[in-house]
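Plus 46 on top of the position in the sequence shown (first one is 1) and you've got our numbering.
From the three backbone atoms N, C-alpha and C, an ideal C-beta is built for every residue, glycine too.
One structure below.
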Amino acid sequence: MKVTLEKEKENLVKLNITIPAKDAADAYNNAVRKVSQYVNIDGFRKGKAPRAVVERHVGTERIKQEAIENLMPKAIHQAVSENDLDLIAQPYITSYNYNVGEDLTVTAMAELRPEVTLGQYKGLNLEVKDSPIEEDAMQKSIDNLLNQHSTQETVIDRPTKDTDIAVIDFDGYSNGEKIQGGEAKNYPLDLAHSNFIPGFAEQLVGKNLNDEFEIKVNFPEDYHDEKLKGQPATFKIKINEIKEKKLPELNDEFAQKVGPFKTVDDLKADIQKYLESQRERTNKQNSENEVFKAVIDSSKVEIPQSMIDREVSSLREEYTQRLAAQGINWDALVKSQGEDQLLKNLNEDAQVRIKNSLVIDKIAKEENIKLDQKDIEKKFAQLGAAYGMKPQDLVKQLGRNPEVIASISQQALNEKVREFLMENNKVEIK
(Lines of atoms letter the chains of each structure in order from A and count residues from 1; the text may use other names and numbers.)
(Lines give C-alpha, C1' and ligand atoms only; values in the text may rest on other atoms or scores of the structure.)
Protein backbone atom coordinates (compact mmCIF):
# COMPACT_ATOMS: atom_id res chain seq x y z
CA MET A 1 0.00 0.00 0.00
CA LYS A 2 1.30 3.45 -0.90
CA VAL A 3 0.08 6.79 0.44
CA THR A 4 1.19 10.22 -0.75
CA LEU A 5 0.05 13.60 0.60
CA GLU A 6 -0.80 16.86 -1.11
CA LYS A 7 -1.33 20.04 0.91
CA GLU A 8 -4.66 21.71 0.20
CA LYS A 9 -6.13 25.00 1.47
CA GLU A 10 -6.32 25.80 5.17
CA ASN A 11 -5.80 22.62 7.18
CA LEU A 12 -6.81 20.09 4.52
CA VAL A 13 -4.54 17.45 2.99
CA LYS A 14 -5.30 15.16 0.06
CA LEU A 15 -4.45 11.49 0.58
CA ASN A 16 -3.60 9.62 -2.62
CA ILE A 17 -3.85 5.97 -1.69
CA THR A 18 -2.74 3.09 -3.95
CA ILE A 19 -3.68 -0.45 -2.94
CA PRO A 20 -2.01 -3.38 -4.78
CA ALA A 21 -4.20 -5.32 -7.22
CA LYS A 22 -4.10 -8.53 -5.15
CA ASP A 23 -5.23 -6.80 -1.95
CA ALA A 24 -7.97 -4.95 -3.86
CA ALA A 25 -9.17 -8.22 -5.45
CA ASP A 26 -9.18 -10.04 -2.09
CA ALA A 27 -11.18 -7.18 -0.54
CA TYR A 28 -13.65 -7.31 -3.44
CA ASN A 29 -14.19 -11.07 -3.04
CA ASN A 30 -14.63 -10.68 0.72
CA ALA A 31 -17.18 -7.94 0.07
CA VAL A 32 -19.09 -10.25 -2.29
CA ARG A 33 -19.32 -12.89 0.42
CA LYS A 34 -20.37 -10.32 3.04
CA VAL A 35 -23.04 -8.71 0.85
CA SER A 36 -24.44 -12.10 -0.12
CA GLN A 37 -25.02 -12.85 3.58
CA TYR A 38 -27.75 -10.23 3.94
CA VAL A 39 -29.51 -10.13 0.54
CA ASN A 40 -32.25 -12.43 -0.62
CA ILE A 41 -31.61 -13.96 -4.07
CA ASP A 42 -34.22 -16.32 -5.49
CA GLY A 43 -32.97 -19.89 -5.76
CA PHE A 44 -30.05 -19.46 -3.37
CA ARG A 45 -29.56 -19.61 0.36
CA LYS A 46 -28.03 -16.51 1.93
CA GLY A 47 -24.29 -16.47 1.39
CA LYS A 48 -24.35 -19.26 -1.24
CA ALA A 49 -24.99 -17.32 -4.46
CA PRO A 50 -22.09 -17.21 -6.99
CA ARG A 51 -20.18 -13.96 -7.41
CA ALA A 52 -21.65 -13.21 -10.84
CA VAL A 53 -25.21 -13.63 -9.50
CA VAL A 54 -24.51 -11.35 -6.51
CA GLU A 55 -23.01 -8.73 -8.86
CA ARG A 56 -26.12 -8.80 -11.10
CA HIS A 57 -28.41 -8.61 -8.06
CA VAL A 58 -26.82 -5.71 -6.11
CA GLY A 59 -24.50 -4.11 -8.69
CA THR A 60 -20.71 -3.99 -8.68
CA GLU A 61 -20.60 -0.41 -7.31
CA ARG A 62 -22.24 -1.45 -4.06
CA ILE A 63 -19.71 -4.28 -3.68
CA LYS A 64 -16.80 -1.93 -4.44
CA GLN A 65 -18.01 0.55 -1.81
CA GLU A 66 -18.22 -2.26 0.73
CA ALA A 67 -14.67 -3.34 -0.14
CA ILE A 68 -13.30 0.21 0.10
CA GLU A 69 -14.95 0.73 3.49
CA ASN A 70 -13.14 -2.37 4.74
CA LEU A 71 -9.79 -1.27 3.25
CA MET A 72 -9.83 2.35 4.39
CA PRO A 73 -9.19 1.95 8.17
CA LYS A 74 -5.83 0.28 7.51
CA ALA A 75 -4.94 2.82 4.80
CA ILE A 76 -5.84 5.79 7.01
CA HIS A 77 -3.92 4.31 9.93
CA GLN A 78 -0.84 3.90 7.71
CA ALA A 79 -1.15 7.48 6.40
CA VAL A 80 -1.46 8.87 9.94
CA SER A 81 1.47 6.80 11.27
CA GLU A 82 3.87 7.43 8.40
CA ASN A 83 3.17 11.15 8.18
CA ASP A 84 2.46 11.93 11.84
CA LEU A 85 -0.93 13.42 10.95
CA ASP A 86 -3.06 14.99 13.70
CA LEU A 87 -6.57 14.44 12.35
CA ILE A 88 -9.45 16.49 13.70
CA ALA A 89 -12.18 14.62 11.78
CA GLN A 90 -12.67 11.35 9.95
CA PRO A 91 -11.23 11.52 6.38
CA TYR A 92 -13.76 11.33 3.54
CA ILE A 93 -13.36 9.77 0.10
CA THR A 94 -13.72 12.10 -2.88
CA SER A 95 -13.01 9.66 -5.72
CA TYR A 96 -11.70 6.19 -6.52
CA ASN A 97 -10.73 4.03 -9.51
CA TYR A 98 -11.53 0.38 -8.86
CA ASN A 99 -11.10 -2.27 -11.56
CA VAL A 100 -10.71 -5.78 -10.20
CA GLY A 101 -7.32 -7.11 -11.26
CA GLU A 102 -5.71 -3.66 -11.22
CA ASP A 103 -4.30 -1.46 -8.47
CA LEU A 104 -7.04 0.40 -6.58
CA THR A 105 -6.51 4.15 -6.30
CA VAL A 106 -8.47 6.19 -3.78
CA THR A 107 -8.41 9.93 -3.16
CA ALA A 108 -9.51 11.12 0.29
CA MET A 109 -9.50 14.46 2.07
CA ALA A 110 -8.25 14.69 5.64
CA GLU A 111 -8.79 17.62 8.00
CA LEU A 112 -5.86 18.34 10.31
CA ARG A 113 -5.91 19.98 13.71
CA PRO A 114 -5.25 23.71 13.25
CA GLU A 115 -1.92 24.99 14.51
CA VAL A 116 -2.20 26.73 17.88
CA THR A 117 0.29 29.40 18.93
CA LEU A 118 0.26 29.57 22.72
CA GLY A 119 0.87 32.83 24.51
CA GLN A 120 2.07 32.96 28.11
CA TYR A 121 0.32 30.26 30.10
CA LYS A 122 2.70 29.92 33.06
CA GLY A 123 3.99 32.48 35.54
CA LEU A 124 1.03 34.84 35.22
CA ASN A 125 0.19 37.21 38.09
CA LEU A 126 -3.49 38.13 38.06
CA GLU A 127 -6.01 39.81 40.33
CA VAL A 128 -9.63 38.82 40.93
CA LYS A 129 -12.25 40.83 42.78
CA ASP A 130 -13.40 39.22 46.01
CA SER A 131 -16.96 37.87 46.25
CA PRO A 132 -17.86 39.00 49.78
CA ILE A 133 -20.72 37.57 51.79
CA GLU A 134 -23.71 39.92 51.57
CA GLU A 135 -24.65 41.68 54.78
CA ASP A 136 -28.13 40.13 54.83
CA ALA A 137 -27.01 36.65 53.71
CA MET A 138 -27.41 35.20 57.21
CA GLN A 139 -30.93 36.60 57.59
CA LYS A 140 -31.93 35.42 54.10
CA SER A 141 -30.69 31.91 54.91
CA ILE A 142 -32.65 31.83 58.17
CA ASP A 143 -35.78 33.20 56.45
CA ASN A 144 -35.52 30.51 53.77
CA LEU A 145 -35.18 27.83 56.44
CA LEU A 146 -38.21 29.16 58.34
CA ASN A 147 -40.22 29.27 55.10
CA GLN A 148 -39.31 25.65 54.31
CA HIS A 149 -40.77 24.59 57.65
CA SER A 150 -43.79 26.89 57.56
CA THR A 151 -47.35 25.67 57.88
CA GLN A 152 -50.52 26.96 56.23
CA GLU A 153 -53.76 27.95 57.93
CA THR A 154 -57.01 28.53 56.06
CA VAL A 155 -58.37 32.08 56.39
CA ILE A 156 -62.08 32.95 56.04
CA ASP A 157 -62.53 36.25 57.87
CA ARG A 158 -60.27 38.69 55.97
CA PRO A 159 -59.10 39.66 52.47
CA THR A 160 -55.89 38.31 50.94
CA LYS A 161 -52.53 39.78 51.98
CA ASP A 162 -49.42 39.91 49.80
CA THR A 163 -47.86 37.16 51.95
CA ASP A 164 -50.76 34.71 51.52
CA ILE A 165 -51.28 31.75 49.24
CA ALA A 166 -54.41 32.19 47.14
CA VAL A 167 -56.04 29.06 45.71
CA ILE A 168 -57.67 30.27 42.49
CA ASP A 169 -59.44 29.39 39.28
CA PHE A 170 -58.22 31.49 36.35
CA ASP A 171 -59.03 31.73 32.65
CA GLY A 172 -57.07 34.02 30.32
CA TYR A 173 -57.87 35.80 27.04
CA SER A 174 -55.81 38.02 24.76
CA ASN A 175 -57.15 39.97 21.77
CA GLY A 176 -60.45 38.12 22.07
CA GLU A 177 -58.82 34.67 21.90
CA LYS A 178 -58.42 32.10 24.64
CA ILE A 179 -54.79 31.81 25.79
CA GLN A 180 -53.42 28.31 25.24
CA GLY A 181 -52.46 26.92 28.64
CA GLY A 182 -53.86 30.07 30.29
CA GLU A 183 -56.38 28.40 32.58
CA ALA A 184 -56.36 26.28 35.73
CA LYS A 185 -58.58 25.15 38.59
CA ASN A 186 -57.64 25.40 42.27
CA TYR A 187 -54.16 26.68 41.51
CA PRO A 188 -52.18 27.59 44.69
CA LEU A 189 -50.42 30.89 43.96
CA ASP A 190 -47.87 32.21 46.46
CA LEU A 191 -48.54 35.94 46.21
CA ALA A 192 -45.12 36.82 47.67
CA HIS A 193 -43.15 34.61 45.28
CA SER A 194 -45.17 34.48 42.07
CA ASN A 195 -43.54 33.68 38.74
CA PHE A 196 -46.69 34.66 36.82
CA ILE A 197 -46.93 37.64 34.45
CA PRO A 198 -45.84 40.86 36.21
CA GLY A 199 -48.83 42.51 37.87
CA PHE A 200 -50.88 39.29 38.09
CA ALA A 201 -50.33 38.40 41.76
CA GLU A 202 -50.45 42.02 42.91
CA GLN A 203 -54.06 42.37 41.71
CA LEU A 204 -55.13 39.42 43.85
CA VAL A 205 -54.28 41.24 47.08
CA GLY A 206 -57.25 42.61 49.05
CA LYS A 207 -59.75 40.11 47.63
CA ASN A 208 -62.19 38.05 49.70
CA LEU A 209 -63.05 34.37 49.68
CA ASN A 210 -65.31 33.41 46.72
CA ASP A 211 -64.77 36.78 44.99
CA GLU A 212 -65.05 36.60 41.19
CA PHE A 213 -63.41 39.38 39.19
CA GLU A 214 -61.23 40.25 36.20
CA ILE A 215 -57.66 41.54 36.08
CA LYS A 216 -55.76 43.09 33.19
CA VAL A 217 -52.05 42.53 32.52
CA ASN A 218 -49.53 42.88 29.70
CA PHE A 219 -47.27 40.05 28.58
CA PRO A 220 -43.55 40.98 28.68
CA GLU A 221 -41.87 42.14 25.46
CA ASP A 222 -39.47 39.20 25.70
CA TYR A 223 -42.20 36.58 26.20
CA HIS A 224 -41.36 33.33 24.38
CA ASP A 225 -44.71 33.11 22.53
CA GLU A 226 -44.56 35.49 19.56
CA LYS A 227 -48.36 35.93 19.49
CA LEU A 228 -48.47 37.09 23.12
CA LYS A 229 -45.28 39.15 23.27
CA GLY A 230 -46.16 42.60 24.68
CA GLN A 231 -49.90 41.93 24.26
CA PRO A 232 -52.63 42.91 26.75
CA ALA A 233 -54.54 40.08 28.43
CA THR A 234 -57.59 39.68 30.64
CA PHE A 235 -57.91 36.94 33.25
CA LYS A 236 -61.13 35.88 34.97
CA ILE A 237 -60.34 35.00 38.58
CA LYS A 238 -62.18 33.26 41.41
CA ILE A 239 -60.77 33.05 44.94
CA ASN A 240 -61.51 29.52 46.20
CA GLU A 241 -59.34 29.54 49.30
CA ILE A 242 -57.02 31.83 51.25
CA LYS A 243 -54.11 30.34 53.17
CA GLU A 244 -51.84 32.17 55.57
CA LYS A 245 -48.24 31.11 56.08
CA LYS A 246 -47.30 30.48 59.69
CA LEU A 247 -43.55 30.59 60.29
CA PRO A 248 -42.07 28.62 63.17
CA GLU A 249 -40.34 30.49 65.96
CA LEU A 250 -36.56 30.69 65.70
CA ASN A 251 -35.50 29.00 68.94
CA ASP A 252 -33.35 26.12 70.18
CA GLU A 253 -36.20 23.67 69.61
CA PHE A 254 -36.40 24.70 65.94
CA ALA A 255 -32.60 24.39 65.58
CA GLN A 256 -32.74 20.84 66.98
CA LYS A 257 -35.54 19.98 64.55
CA VAL A 258 -33.70 21.06 61.37
CA GLY A 259 -30.30 19.52 62.04
CA PRO A 260 -27.71 18.21 64.50
CA PHE A 261 -27.74 21.44 66.51
CA LYS A 262 -28.40 22.14 70.19
CA THR A 263 -28.94 25.88 70.00
CA VAL A 264 -29.76 28.68 67.56
CA ASP A 265 -26.14 29.78 67.83
CA ASP A 266 -25.03 26.34 66.61
CA LEU A 267 -27.39 26.67 63.66
CA LYS A 268 -26.10 30.15 62.80
CA ALA A 269 -22.49 28.96 63.08
CA ASP A 270 -23.25 26.20 60.57
CA ILE A 271 -24.89 28.67 58.19
CA GLN A 272 -21.89 31.00 58.52
CA LYS A 273 -19.56 28.11 57.72
CA TYR A 274 -21.61 27.31 54.62
CA LEU A 275 -21.58 30.95 53.48
CA GLU A 276 -17.79 31.09 53.90
CA SER A 277 -17.30 27.88 51.90
CA GLN A 278 -19.61 29.22 49.20
CA ARG A 279 -17.52 32.39 49.06
CA GLU A 280 -14.34 30.32 48.73
CA ARG A 281 -15.85 28.23 45.92
CA THR A 282 -16.94 31.36 44.06
CA ASN A 283 -13.49 32.96 44.42
CA LYS A 284 -11.83 29.73 43.28
CA GLN A 285 -14.12 29.49 40.24
CA ASN A 286 -13.56 33.16 39.35
CA SER A 287 -9.80 32.69 39.71
CA GLU A 288 -9.81 29.66 37.39
CA ASN A 289 -11.91 31.55 34.85
CA GLU A 290 -9.59 34.58 34.96
CA VAL A 291 -6.48 32.45 34.40
CA PHE A 292 -8.12 30.48 31.61
CA LYS A 293 -9.37 33.66 29.92
CA ALA A 294 -5.88 35.19 30.03
CA VAL A 295 -4.37 32.05 28.50
CA ILE A 296 -7.03 31.85 25.77
CA ASP A 297 -6.82 35.55 24.91
CA SER A 298 -3.04 35.37 24.48
CA SER A 299 -3.23 32.29 22.22
CA LYS A 300 -3.73 32.43 18.47
CA VAL A 301 -5.40 29.92 16.19
CA GLU A 302 -6.95 30.10 12.72
CA ILE A 303 -10.14 28.05 12.86
CA PRO A 304 -11.26 26.67 9.47
CA GLN A 305 -14.88 27.23 8.49
CA SER A 306 -15.51 23.48 8.21
CA MET A 307 -14.83 23.06 11.94
CA ILE A 308 -17.09 26.00 12.79
CA ASP A 309 -19.90 24.60 10.63
CA ARG A 310 -19.73 21.21 12.38
CA GLU A 311 -19.72 22.81 15.81
CA VAL A 312 -22.65 25.09 14.89
CA SER A 313 -24.61 22.02 13.81
CA SER A 314 -23.80 20.28 17.09
CA LEU A 315 -24.71 23.36 19.15
CA ARG A 316 -27.99 23.78 17.32
CA GLU A 317 -28.92 20.19 18.12
CA GLU A 318 -28.02 20.72 21.79
CA TYR A 319 -30.04 23.94 22.02
CA THR A 320 -33.02 22.39 20.23
CA GLN A 321 -33.13 19.54 22.76
CA ARG A 322 -32.73 21.95 25.69
CA LEU A 323 -35.51 24.20 24.37
CA ALA A 324 -37.80 21.21 23.80
CA ALA A 325 -37.36 20.26 27.48
CA GLN A 326 -38.69 23.76 28.31
CA GLY A 327 -41.62 23.43 25.93
CA ILE A 328 -40.12 25.80 23.34
CA ASN A 329 -39.47 24.77 19.76
CA TRP A 330 -36.69 26.04 17.51
CA ASP A 331 -39.06 27.67 14.99
CA ALA A 332 -40.62 29.78 17.75
CA LEU A 333 -37.17 30.96 18.79
CA VAL A 334 -36.31 31.83 15.18
CA LYS A 335 -39.50 33.93 14.96
CA SER A 336 -38.79 35.78 18.20
CA GLN A 337 -35.06 36.46 17.72
CA GLY A 338 -34.57 36.22 13.95
CA GLU A 339 -32.63 33.48 12.17
CA ASP A 340 -29.67 35.73 11.32
CA GLN A 341 -29.15 36.71 14.96
CA LEU A 342 -29.48 33.10 16.15
CA LEU A 343 -26.95 31.84 13.62
CA LYS A 344 -24.59 34.69 14.55
CA ASN A 345 -24.82 33.69 18.23
CA LEU A 346 -24.27 30.02 17.40
CA ASN A 347 -21.29 30.90 15.22
CA GLU A 348 -19.68 32.93 18.00
CA ASP A 349 -20.33 30.21 20.59
CA ALA A 350 -18.88 27.59 18.24
CA GLN A 351 -15.65 29.55 17.76
CA VAL A 352 -15.24 30.02 21.53
CA ARG A 353 -15.77 26.31 22.15
CA ILE A 354 -13.35 25.25 19.42
CA LYS A 355 -10.59 27.66 20.49
CA ASN A 356 -10.94 26.61 24.15
CA SER A 357 -10.68 22.95 23.21
CA LEU A 358 -7.70 23.44 20.86
CA VAL A 359 -5.75 25.50 23.39
CA ILE A 360 -6.39 22.94 26.15
CA ASP A 361 -5.22 20.10 23.90
CA LYS A 362 -2.10 22.10 22.92
CA ILE A 363 -1.16 22.76 26.56
CA ALA A 364 -1.76 19.10 27.40
CA LYS A 365 0.59 18.11 24.57
CA GLU A 366 3.26 20.68 25.49
CA GLU A 367 3.24 19.66 29.18
CA ASN A 368 2.66 15.94 28.57
CA ILE A 369 -0.58 16.01 30.56
CA LYS A 370 -2.37 12.70 30.03
CA LEU A 371 -5.40 10.98 31.45
CA ASP A 372 -5.09 7.82 33.47
CA GLN A 373 -7.73 5.42 34.79
CA LYS A 374 -8.11 7.37 38.04
CA ASP A 375 -8.99 10.56 36.14
CA ILE A 376 -11.77 8.78 34.25
CA GLU A 377 -13.08 7.10 37.41
CA LYS A 378 -13.10 10.46 39.19
CA LYS A 379 -15.11 12.04 36.37
CA PHE A 380 -17.67 9.24 36.36
CA ALA A 381 -17.94 9.55 40.16
CA GLN A 382 -18.71 13.27 39.75
CA LEU A 383 -21.30 12.61 37.05
CA GLY A 384 -22.82 9.77 39.06
CA ALA A 385 -23.25 12.08 42.07
CA ALA A 386 -24.84 14.74 39.85
CA TYR A 387 -27.33 12.28 38.33
CA GLY A 388 -27.90 10.24 41.50
CA MET A 389 -26.44 7.10 39.94
CA LYS A 390 -23.67 4.70 40.86
CA PRO A 391 -20.56 5.31 38.71
CA GLN A 392 -20.56 1.70 37.47
CA ASP A 393 -24.20 1.99 36.36
CA LEU A 394 -23.37 5.22 34.51
CA VAL A 395 -20.45 3.51 32.78
CA LYS A 396 -22.75 0.69 31.60
CA GLN A 397 -25.33 3.16 30.33
CA LEU A 398 -22.94 5.55 28.57
CA GLY A 399 -20.37 2.98 27.47
CA ARG A 400 -22.49 2.08 24.45
CA ASN A 401 -21.95 5.54 22.94
CA PRO A 402 -18.33 6.27 21.90
CA GLU A 403 -19.11 9.95 21.30
CA VAL A 404 -20.32 10.41 24.88
CA ILE A 405 -17.25 8.64 26.26
CA ALA A 406 -15.01 10.89 24.13
CA SER A 407 -16.85 13.95 25.45
CA ILE A 408 -16.44 12.82 29.07
CA SER A 409 -12.74 12.15 28.48
CA GLN A 410 -12.36 15.65 27.03
CA GLN A 411 -14.06 17.11 30.12
CA ALA A 412 -11.65 15.19 32.36
CA LEU A 413 -8.68 16.48 30.36
CA ASN A 414 -10.04 20.03 30.55
CA GLU A 415 -10.18 19.78 34.34
CA LYS A 416 -6.65 18.38 34.53
CA VAL A 417 -5.27 21.21 32.38
CA ARG A 418 -7.13 23.80 34.48
CA GLU A 419 -5.57 22.31 37.61
CA PHE A 420 -2.15 22.60 35.95
CA LEU A 421 -2.82 26.24 35.08
CA MET A 422 -3.84 27.06 38.66
CA GLU A 423 -0.68 25.42 40.00
CA ASN A 424 1.55 27.39 37.63
CA ASN A 425 -0.03 30.86 37.88
CA LYS A 426 -0.74 33.22 40.77
CA VAL A 427 -4.09 34.88 41.46
CA GLU A 428 -4.58 37.46 44.19
CA ILE A 429 -8.06 37.99 45.60
CA LYS A 430 -8.52 41.76 45.98
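Per DSSP, what kind of secondary structure is residue i in: helix, strand or coil?
| i | result |
| --- | --- |
| Ile226 | The sequence shown places Gln at residue 226, not Ile. Residue state, collapsed to three classes: strand. |
| Tyr433 | helix |
| Phe307 | coil |
| Met47 | coil |
| Val85 | coil |
| Leu388 | helix |
| Ser177 | coil |
| Asp439 | helix |
| Ser141 | strand |
| Asn116 | helix |
| Asn76 | helix |
| Val380 | helix |
| Gln166 | coil |
| Ala135 | coil |
| Ile349 | coil |
| Phe466 | helix |
| Lys472 | strand |
| Asn232 | strand |
| Thr206 | coil |
| Lys425 | helix |
| Asn375 | coil |
| Asp407 | helix |
| Asp217 | strand |
| Val487 | The shown model of the chain, from 47 to 476, leaves out residue 487, and the question about it has no answer. |
| Leu158 | strand |
| Ile65 | strand |
| Lys416 | coil |
Can you list, in chain order, the residues of its chain whose CB lies under 6 angstroms from that of residue i, leaving out five sequence neighbours each side?
| i | result |
| --- | --- |
| Lys472 | Asn171 |
| Glu52 | Lys60 |
| Leu467 | Val337 |
| Pro234 | Ile211 and Val213 |
| Tyr144 | Lys110 and Leu150 |
| Gly218 | Ile225, Gly228, Ala279 and Phe281 |
| Ala135 | Glu157 |
| Asp215 | Lys231 and Lys284 |
| Lys168 | Asn470 |
| Val146 | Ala71 and Tyr74 |
| Phe307 | Ala301 and Leu313 |
Cβ atoms of residue j and residue i: under 8 angstroms apart, would you say?
| i | j | result |
| --- | --- | --- |
| Lys262 | Ile285 | no |
| Ile317 | Ser187 | yes |
| Asn193 | Leu293 | yes |
| Leu392 | Leu361 | yes |
| Ser382 | Lys273 | no |
| Ser345 | Leu164 | yes |
| Leu255 | Ile202 | yes |
| Ile139 | Ile114 | yes |
| Val99 | Val81 | no |
| Asn329 | Asp439 | no |
| Leu296 | Ile179 | no |
| Val463 | Ala427 | no |
| Val405 | Val341 | yes |
| Glu173 | Glu469 | no |
| Val310 | Leu191 | no |
| Leu429 | Ser455 | no |
| Lys408 | Gln457 | no |
| Thr197 | Glu287 | no |
| Asn220 | Gln277 | Residue 220 is actually Ser in this sequence, not Asn. Yes. |
Who are the near neighbours of residue i in its chain, counting only those whose CB is closer than 8 angstroms to its CB and skipping five residues on each side?
| i | result |
| --- | --- |
| Ile243 | Val263, Asn264, Phe265, Pro266 and Ala279 |
| Gln124 | Met47 and Val49 |
| Thr209 | Leu237, Ala238, Glu290 and Lys291 |
| Val78 | Arg97, Val100, Glu101 and Ile109 |
| Tyr142 | Lys110, Ile114, Leu150, Thr151, Val152 and Thr153 |
| Lys207 | Leu237, Val251 and Glu290 |
Counting only the same chain and skipping the five closest in sequence on each side, list residues whose C-beta sits under 7 angstroms from that of residue i.
| i | result |
| --- | --- |
| Gln443 | none |
| Ser127 | none |
| Leu117 | Ile65 and Ala73 |
| Glu413 | Phe466 |
| Ala247 | Leu235, Leu237 and Ser240 |
| Val85 | His103 and Val104 |
| Asn129 | Leu51 |
Using only the heavy atoms of the ligand NAP, determine whether one of them is closer than 7 angstroms to the beta carbon of residue i.
| i | result |
| --- | --- |
| Leu61 | The ligand content of the structure shown is nil, which means the ligand NAP is not present either. |
Three-pair Cβ contact test at 8 angstroms for the stretch 408–423 versus the stretch 137–156: no
Alpha helix (DSSP H) runs wholly inside the stretch 254–305, at least 4 long, in chain order: 298–304
Inter-stretch contact (C-beta, 8 angstroms, three-pair minimum) for the stretch 157–166 and the stretch 389–406: yes
Whole runs of the alpha helix (DSSP H) within the stretch 317–362, excluding any shorter than 4 residues: none
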